[in-house]
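S.K.: Residue numbers (UniProt numbering): 1 to 126. Even for Gly, the Cβ is constructed at its ideal location relative to N, Cα and C. Got a structure for you, questions after.
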């Protein structure tokens, strides 16, 4: 009868019966080895994601710098205006400032014009 091999514990069990496997899989060392295995796997996945994100960011940054260098040499180019739109696309959405809503108060303390003002509530006349 073939022996059962546990990949997590890197060991062969003495017998290949369901009760021996169930006892082994319920053991403290086996559970700890499984936890360590998946913890390492998750760390590797997270590192791959970080590396891919950093690589994409550096590639985008290199493209922007190359475009800026090419456009600076062109007479009459509007490089600064073009680059601000590309850089704005790279900014995370949380860093962008929200647009003011209708009727919002401006930084100078005045109310911004609103085309959609709420109508006054009807008065109950008895």
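(1) Given a cut-off of 8 angstroms on the beta-carbon distance, is the pair residue 16 and residue 3 in contact?
(2) State the CB to CB distance for the pair residue 34 and residue 8, rounded to an integer number of angstroms; the pair is presumed to be in contact (CB under 8 angstroms).
(3) Grouping DSSP H, G and I as helix and E and B as strand, with all else coil, what is residue 8?
(4) Could you say which of 47, 52, 6 lies nearest to residue 27 if we only look at CA atoms?
(5) Helix or strand or just coil, what does DSSP make of residue 13?
M.R.: In brief:
(1) Inclusion of residue 16 and residue 3 in the CB contact set at 8 angstroms is warranted, their separation being smaller than that value.
(2) 5 angstroms
(3) Correct three-state label for residue 8: coil.
(4) 6
(5) coil
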